[in-house]
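Notes for the one structure printed next.
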């Protein structure tokens, strides 16, 4: 007798999707996913390029000293945190198909202006404004994903979106390598200044594209690209899956409801641990270690810095598909961060063969590979109300990211490079807490789902008895026709 192992089928659509639903999903995929990828790619080019510029001549040009690099990284985060706050209200009040591209254009303008910086103070101002105008993009795109897709559809699409992060970091390395080798001194500009010009030339057209292709949300759709029947079909399939599709308008009552929801507080801790469990990707530690070896030219150093984010693209797709098709969110987060923890342990020890340090830095982008899994999970848990979802996505991201405005100042001081013992130890502890907190949320969420399911069954039985022979009435809590069997949710069929 042979033993047969049934593996999950890797498919883009649910087996129960109708042909019309598949056409709609494909249309949404071709509109949302490529733009999300392109814009996130440019965002991370414009965010990561400060580290490349620092090791490529900016340190000397602007006479940077001490902890100036970590201060430049931190002021960007401060801008990004403060800039998010108004959007908990604005996402539900105005079309996101206008808000997000408009902010994209403005961050492109301030990316360009960095090329003309002549002092540390001027660069600090530009970095703050780049962060401010980039602030809406990340929670806004996750709000859009959660507005059109069901719970089992988000993570793998978000995975392609999140590849933009790793590809952006990788691209910044190659842009700076090329600028240092080919453009240094052209028209009297240093190579690092040319990098900011090139980055802006990439960013601004992507912002313009967003006005055309972003579909908005079902209650405020982009009518240029979506027909009335498209929007109605989207609303119908979301309602079947228990998603709220009512007209959204955030109020103080919404905020009070959110604060009473245990999931807000639980997911907040998960998000805080996540943001701090991937600090090493933005600290510049990898680049500073490469520079400390004193064996590579500026262009070669930037080329080598592309290795880690290049591997991150594979990690992201693997973890996101595994979440949707096999593991579910909590175990996908565990998978990603066990790999992250292995690398962090090596970095904490530090006095190991150089090959071990190369390996440890190659693991670090697994720490961000599960971001779309986490935010897809948050979208799923708060799917019943667009208002609450907007508030929770923005507030969670704002609070969690705000912690990274000050933790690097304590544990990733530039003067301690390249061995950030405190930094890597802190990130290691955060990764462990992230895994534990994810499974705690999973346990209590499943328990709540089972209680609601049992209540619905009791309600259905009571109605059947009362109606005595009449047709079974649909319960108040709609359920998906898709048989969700990844271990994270209740069988919905």
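Numbering (full-length UniProt numbering), first residue to last: 1 to 493. All C-beta atoms, glycine included, are put in the ideal place defined by N, C-alpha and C.
- A residue is called buried once 16 or more other Cβ atoms fall within 10 Å of its Cβ, and residue 142 is buried on that count.
- Listed as beta-bridge partners of residue 220 by DSSP are 217.
- Ranked by Cα distance from residue 445, the first of 168, 29 and 267 is 267.
- By the C-beta criterion, the segment 362 to 370 is judged to be in contact with the segment 316 to 323, since at least 3 inter-stretch pairs fall below 8 Å.
- Inter-segment contact for the segment 34 to 45 and the segment 155 to 168 is present: three or more beta-carbon pairs are separated by less than 8 Å.
- Residue 93: member of the alpha helix (DSSP H) spanning 87 to 93, first to last residue.
- Boundaries for residue 382: no alpha helix (DSSP H) harbours it, and the DSSP string shows neither H nor E there.
- In the three-state reduction of the DSSP assignment, residue 285 falls in the helix class.
- Taking the Cα positions, residue 325 is about 10 Å away from residue 155.
- Annotation: residue 35 to residue 103 spans about 14 Å, alpha carbon to alpha carbon.
- Secondary structure of residue 130 (DSSP, three-state): helix.
- Membership of residue 239 in the alpha helix (DSSP H) is indicated by the continuous run 228 to 240.
- For residue 51, the enclosing alpha helix (DSSP H) starts and ends at 19 to 53.
- In this structure residue 430 is in contact with residue 277, their Cβ atoms being roughly 4 Å apart against a cut-off of 8 Å.
- A distance of 7 Å or more separates the beta carbons of residue 356 and residue 342.
- Within the segment 284 to 330, no complete beta strand (DSSP E) segment of 3 residues or longer occurs.
- Using a 10 angstroms sphere on the CB of residue 401, the tally of other CB atoms reaches 16 or more, which defines it as buried.
- For residue 280, no alpha helix (DSSP H) encloses it, and the DSSP letter there is neither H nor E.
- At a Cβ-Cβ threshold of 7 Å, residue 273 and residue 437 count as neighbours.
- The three-state reading of DSSP puts residue 65 in coil, since its state is none of H, G, I, E or B.
- Between residue 114 and residue 196, the C-beta spacing is below 7 Å.
- Taken through DSSP and simplified to helix, strand or coil, residue 116 comes out as helix.
- Taking a contact as a CB-CB distance under 8 Å, the pair residue 394 and residue 80 does not count as one, their CB atoms being some 12 Å apart.
- Its chain contains 405 as the residues whose beta carbon lies nearer than 6 Å to that of residue 78, once the 5 sequence neighbours on both sides are disregarded; these appear in chain order.
- Short of 7 Å from the beta carbon of residue 441, and not among the five residues preceding or following it, lie these beta carbons of its own chain, in chain order: 266, 267 and 270.
- The Cβ atoms of residue 76 and residue 127 lie closer than 7 Å to each other.
- Secondary structure at residue 185: coil, using DSSP grouped into helix, strand and coil.
- Here the alpha carbons of residue 408 and residue 348 stand approximately 16 Å from one another.
- In this structure, residue 381 lies near residue 263, with their beta-carbon atoms less than 7 Å apart.
- At a Cβ-Cβ threshold of 7 Å, residue 391 and residue 254 count as neighbours.
- Going by DSSP, residue 225 is part of no alpha helix (DSSP H) at all; its letter is neither H nor E.
- Here residue 287 is not near residue 70, since their CB atoms are 7 Å or more apart.
- Counting along the chain, residue 152 sits inside no alpha helix (DSSP H), nor does DSSP assign it H or E at all.
- A residue is called buried when at least 16 other Cβ atoms come within 10 angstroms of its Cβ; residue 450 does not meet this threshold and is exposed.
- Per DSSP, the continuous alpha helix (DSSP H) segment holding residue 253 begins and ends at 252 to 259.
- According to the DSSP assignment, residue 179 belongs to no alpha helix (DSSP H), since it is labelled neither H nor E.
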